[in-house]
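Colleague: Quick note, in our numbering, the sequence shown goes up one by one and the last residue is 554.
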Amino acid sequence: MITVNDIAVEFGGTTLFSDVTFAINETDKIALMGKNGAGKSTLLKIVAGENKPTRGVISAPKEAVIAYLPQHLLANDDCTVVEETSKAFAEVFKMKAEIDEINEQLTIRTDYESDAYMKLIEKVSELSEKFYAIEEVNYEAEVEKVLKGLGFERKDFNRPTTEFSGGWRMRIELAKILLKKPDLILLDEPTNHLDMDSIQWLEDFLVNQAKAVMVISHDRAFVDNITNRTIEVTMGRIYDYKAKYSHYLELRKDRRIHQQKAYDEQQKFIAENQAFIDRFRGTFSKTESVQSRVKMLEKIVPIEIDEIDTSALKLKFPPSARSGQYPVIVKDLHKSYGEKVIFKDANIVIERGEKVAFVGKNGEGKSTMIKAIMKELDINSGSVEVGHNAQIGYFAQNQAALLDGDATIFETIDRIAVGDIRTQIKNLLGAFMFQGDDIHKKVKVLSGGEKTRLAMMKLLLEPVNVLILDEPSNHLDMKTKDIIKDALRDFDGTLILVSHDRDFLDGLATKVFEFGNQRVKEHFEDLKGFLEIKKMDSLKEIEK
Numbered sequence: 011m012i013t014v015n016d017i018a019v020e021f022g023g024t025t026l027f028s029d030v031t032f033a034i035n036e037t038d039k040i041a042l043m044g045k046n047g048a049g050k051s052t053l054l055k056i057v058a059g060e061n062k063p064t065r066g067v068i069s070a071p072k073e074a075v076i077a078y079l080p081q082h083l084l085a086n087d088d089c090t091v092v093e094e095t096s097k098a099f100a101e102v103f104k105m106k107a108e109i110d111e112i113n114e115q116l117t118i119r120t121d122y123e124s125d126a127y128m129k130l131i132e133k134v135s136e137l138s139e140k141f142y143a144i145e146e147v148n149y150e151a152e153v154e155k156v157l158k159g160l161g162f163e164r165k166d167f168n169r170p171t172t173e174f175s176g177g178w179r180m181r182i183e184l185a186k187i188l189l190k191k192p193d194l195i196l197l198d199e200p201t202n203h204l205d206m207d208s209i210q211w212l213e214d215f216l217v218n219q220a221k222a223v224m225v226i227s228h229d230r231a232f233v234d235n236i237t238n239r240t241i242e243v244t245m246g247r248i249y250d251y252k253a254k255y256s257h258y259l260e261l262r263k264d265r266r267i268h269q270q271k272a273y274d275e276q277q278k279f280i281a282e283n284q285a286f287i288d289r290f291r292g293t294f295s296k297t298e299s300v301q302s303r304v305k306m307l308e309k310i311v312p313i314e315i316d317e318i319d320t321s322a323l324k325l326k327f328p329p330s331a332r333s334g335q336y337p338v339i340v341k342d343l344h345k346s347y348g349e350k351v352i353f354k355d356a357n358i359v360i361e362r363g364e365k366v367a368f369v370g371k372n373g374e375g376k377s378t379m380i381k382a383i384m385k386e387l388d389i390n391s392g393s394v395e396v397g398h399n400a401q402i403g404y405f406a407q408n409q410a411a412l413l414d415g416d417a418t419i420f421e422t423i424d425r426i427a428v429g430d431i432r433t434q435i436k437n438l439l440g441a442f443m444f445q446g447d448d449i450h451k452k453v454k455v456l457s458g459g460e461k462t463r464l465a466m467m468k469l470l471l472e473p474v475n476v477l478i479l480d481e482p483s484n485h486l487d488m489k490t491k492d493i494i495k496d497a498l499r500d501f502d503g504t505l506i507l508v509s510h511d512r513d514f515l516d517g518l519a520t521k522v523f524e525f526g527n528q529r530v531k532e533h534f535e536d537l538k539g540f541l542e543i544k545k546m547d548s549l550k551e552i553e554k
């Protein structure tokens with residue numbers, strides 16, 4: 011058991027949280043929830059030993075192994091994927107090498123009666139006891155299994171890690187953590203860099219093979235599938251629910267209803283007594299009663315209602331010209347890279363106002379099709395037509411690189427915001443997790459995730475009639491995703507959406523294009539209808 015005892019974090023005269031106490035048991039799967047800025051990542055870093063609290067202590071058994079995956083990594087690359095991943099077993103390999111070295115010394119030395127020789131025997135006995143107590147493992151096979159589960163192909167194994175993007179290097183770090191089989195795994199937004207196939211594999215691993223887990227994630231389905239306990243950080247304290255995320259939401263709602271009722275009753279009680287005091291203050295016969303009630307009111311501890319975001323921030327797309335009847339027409343499209351065929355004879359017709367989802371296993375051509383529509387790559391044969399007056403807004407993960415690095419966050423949005431939304435720029439920035447003095451930071455100092463959020467926000471404020479979004483929900487919290495989802499529902503233009511976020515897709519797409527086996531198949535049902543026809547419970551099954 012790992013215990014968090016009376017933890018407090020204070021900086022600059024501000025208390026982030028205080029008197030936080032809870033225990034993590036060996037089979038707990040905990041979701042750490044709370045609004046942005048509540049202190050979730052700070053608390054996770056404290057449990058990981060990365061940060062020190064102002065007060066309080068973390069207690070853990072001496073042999074306990076705690077592994078932590080942060081949102082952003084700063085890693086040096088000097089080896090291949092397999093070599094880097096195998097570092098998970100560095101301690102085991104070191105122990106084996108030390109045993110072999112001592113045994114070699116014992117073979118060649120002849121001072122059998124000396125203290126030094128006896129100490130070597132004691133040392134090798136102690137190390138051997140530890141080493142042979144470790145479950146026998148085929149380390150190469152374990153590395154291969156985890157890397158393949160997280161989306162790597164065998165041909166990637168001996169490539170230098172420098173050839174991979176930040177998201178793929180994050181997967182390598184995740185692989186190392188999983189291979190260590192720690193007593194507690196701490197994950198901060200682990201699904202941001204994973205496709206649906208890898209998320210499904212990670213879910214199965216965390217549920218069936220991991221010991222204790224604590225995770226921060228804005229992927230509702232992921233959190234619900236893996237956790238059995240929810241700790242909410244709010245207003246400087248925590249609430250601990252023995253419930254998965256969806257049940258926690260119901261319990262939290264009930265808690266706030268009871269808080270509001272108690273608060274209203276307390277306010278009524280205070281008002282009634284204050285009225286009595288004001289009415290009879292100075293009345294000699296009531297002096298004792300007045301003083302008694304004044305003292306009573308002074309002793310009352312005000313009931314607090316936990317913060318809940320009641321802001322009705324609504325993102326509305328600016329008006330744009332009407333596109334032609336068919337904004338996107340793809341005929342008999344064939345695309346291959348060398349001998350690898352991505353798809354052939356692909357046909358797609360999207361009508362004005364349709365909202366469609368591209369689904370399928372990673373690598374089957376969803377993003378390739380989008381790049382073909384955007385004329386960002388050469389095709390082998392067939393045609394791609396963009397219809398009359400189609401004004402396309404395109405979001406991909408590299409959109410962040412196109413931002414003006416010398417502009418501030420506020421300037422980036424202020425330059426394009428028009429109409430009523432101009433009066434809500436700060437509120438809108440807050441919804442996208444840019445708050446306080448952060449809005450005056452220059453874009454060039456932002457992290458990759460922050461730039462991605464800003465690029466997404468910028469796109470949604472530009473007048474377009476066709477939106478193409480490739481994995482738009484990464485790096486967004488649940489509230490922001492809800493704001494964007496509501497806006498996309500109301501968007502009267504055409505929407506093409508690729509996403510591994512099942513909750514985000516549900517209710518948006520009215521038609522599905524399924525990518526797989528070098529083909530693109532059109533389904534005229536919404537996402538739920540598509541899954542029913544496929545006799546599947548969730549999108550993750552199509553990903554297998």
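Even for Gly, the Cβ is constructed at its ideal location relative to N, Cα and C.
Indicate whether the contact test is met: 3 or more Cβ pairs, each with one atom in the stretch 342-359 and one in the stretch 401-417, closer than 8 Å.
Modeller: Too few Cβ pairs lie closer than 8 Å, so no.
Colleague: Applying the criterion that 16 or more other CB atoms from any shown protein chain within 10 Å of the CB defines a buried residue, is D193 buried or exposed?
Modeller: Here residue 193 refers to the residue found at position 183 of the sequence shown. When all chains shown are included, D193 counts as buried.
Colleague: How would you call G59, buried or exposed, if buried means at least 16 neighbouring beta carbons within 10 angstroms?
Modeller: By 1-based counting over the sequence shown, the position of residue 59 is 49. So G59 ends up on the exposed side.
Colleague: Can you tell which of V134, D480 and T90 has its C-alpha closest to the C-alpha of E108?
Modeller: The residue you call residue 108 lines up with position 98 of the sequence shown. Per the Cα distances, V134.
Colleague: Just to confirm my understanding: we take L469, look at its own chain, exclude 5 residues before and 5 after, and list those with CB closer than 6 Å. What are they?
Modeller: On the sequence shown, residue 469 is found 459 positions in, with the first residue counted as 1. Around L469: G403 and F405.
Colleague: May I ask you to report which of helix, strand or coil DSSP gives I402?
Modeller: Here the question's residue 402 lines up with position 392 in the sequence shown. Strand.
Colleague: Would DSSP call I5 helix, strand or coil?
Modeller: In the structure as shown, the chain starts at 11 and stops at 554, and residue 5 therefore has no counterpart that could be examined.
Colleague: For I241 versus D250, is the C-beta spacing smaller than 8 Å?
Modeller: What you label residue 241 is simply residue 231 of the sequence shown in a count that begins at 1. What you label residue 250 is simply residue 240 of the sequence shown in a count that begins at 1. Going by C-beta atoms, I241 is nearer than 8 Å to D250.
Colleague: If you pair each beta-carbon of the stretch 500-513 with each one of the stretch 370-388, do three or more pairs fall below 8 Å?
Modeller: Contact between the stretch 500-513 and the stretch 370-388 is present, because at least three Cβ pairs lie under 8 Å.
Colleague: Tell me the rounded alpha-carbon separation between E154 and K191.
Modeller: Counting from 1 along the sequence shown, the entry for residue 154 is found at position 144. Counting from 1 along the sequence shown, the entry for residue 191 is found at position 181. Using only the alpha carbons, I get a separation of about 15 Å.
Colleague: Between which two residues does the alpha helix (DSSP H) carrying G440 extend?
Modeller: Residue mapping note: residue 440 aligns to position 430 of the sequence shown, counting from 1. Where G440 is concerned, the enclosing alpha helix (DSSP H) stretches over I435 to A441.
Colleague: Give a yes or no on whether the C-beta atoms belonging to S51 and G246 are separated by under 8 Å.
Modeller: Taking the sequence shown and counting its residues from 1, the one referred to as residue 51 is at position 41. Taking the sequence shown and counting its residues from 1, the one referred to as residue 246 is at position 236. No, the pair does not count as a contact, with Cβ atoms beyond the cut-off.
Colleague: Spatial neighbours of S256 within its chain, please: C-beta separation below 7 Å, excluding the five flanking residues on both sides.
Modeller: Within the sequence shown, residue 256 is the residue found at index 246, counting from 1. So the qualifying residues of the chain are D234.
Colleague: Within the same chain, show all residues whose beta-carbon is closer than 6 Å to that of W178, passing over the 5 residues directly before and after it, in chain order.
Modeller: As a first step, residue 178 must be located in the sequence shown, where it is residue number 168. Nothing listed; no residue qualifies.
Colleague: Taking C-alpha atoms, which residue in A100, F294, L456 and I389 lies nearest to D416?
Modeller: Here residue 416 corresponds to residue number 406 of the sequence shown, with the count starting at 1. That would be L456, whose Cα lies nearest to the Cα of D416.
Colleague: Are the CB atoms of L486 and H228 within a distance shorter than 8 Å?
Modeller: Looking up residue 228 in the sequence shown gives position 218. Looking up residue 486 in the sequence shown gives position 476. Cβ atoms of H228 and L486: closer than 8 Å.
Colleague: Taking a contact to mean a Cβ-Cβ separation below 8 Å, would you say T244 touches K186 in this structure?
Modeller: To locate residue 244, count along the sequence shown from 1; it is residue 234. To locate residue 186, count along the sequence shown from 1; it is residue 176. For T244 and K186, no; Cβs fall outside 8 Å.
Colleague: Could you give the C-beta distance for V57 and V14, rounded to a whole number, given that I count them as a contact under 8 Å?
Modeller: Your numbering for residue 57 matches position 47 in the sequence shown. Your numbering for residue 14 matches position 4 in the sequence shown. Confirmed, Cβ separation roughly 7 Å.
Colleague: Using the three-state DSSP reduction, which class does A322 fall into: helix, strand or coil?
Modeller: Taking the sequence shown and counting its residues from 1, one reaches residue 322 at position 312. With a pLDDT of 47 at A322, under the threshold of 50, the predicted position of this residue should be treated as unreliable, and no value is reported.
Colleague: In whole angstroms, what is the alpha-carbon distance linking S321 and G440?
Modeller: If you number the sequence shown from 1, residue 321 lands on position 311. If you number the sequence shown from 1, residue 440 lands on position 430. Its pLDDT being 45, under 50, S321 is placed unreliably by the model, and the measurement read from it follows with that caveat. Rounded to the nearest angstrom, the two C-alpha atoms are 11 Å apart.
Colleague: So what does A533 bridge to, in DSSP terms?
Modeller: Along the sequence shown, read from residue 1 onward, the residue named residue 533 stands at position 523. The amino acid at residue 533 is misidentified as Ala; the sequence shows His. DSSP lists V522 as partners of H533.
Colleague: Nearest CA to the CA of M11: which residue from W211, A222 and K345?
Modeller: In the sequence shown, residue 11 corresponds to position 1, counting from 1. Ranking the options by Cα distance to M11, first place goes to A222.
Colleague: Kindly indicate if chain B contains any beta-carbon less than 8 Å away from that of T378.
Modeller: Annotation note: the requested chain B is absent from the structure, which comprises a single protein chain.
Colleague: Quick check: the Cα distance between I287 and Q269, rounded to an integer number of angstroms?
Modeller: Start at 1 with the first residue of the sequence shown, and residue 287 comes out as number 277. Start at 1 with the first residue of the sequence shown, and residue 269 comes out as number 259. Cα-Cα distance, rounded: 27 Å.
Colleague: In angstroms with no decimal places, state the Cα-to-Cα distance between G392 and F99.
Modeller: Your numbering for residue 392 matches position 382 in the sequence shown. Your numbering for residue 99 matches position 89 in the sequence shown. Answer to the nearest angstrom: the Cα atoms are 50 Å apart.
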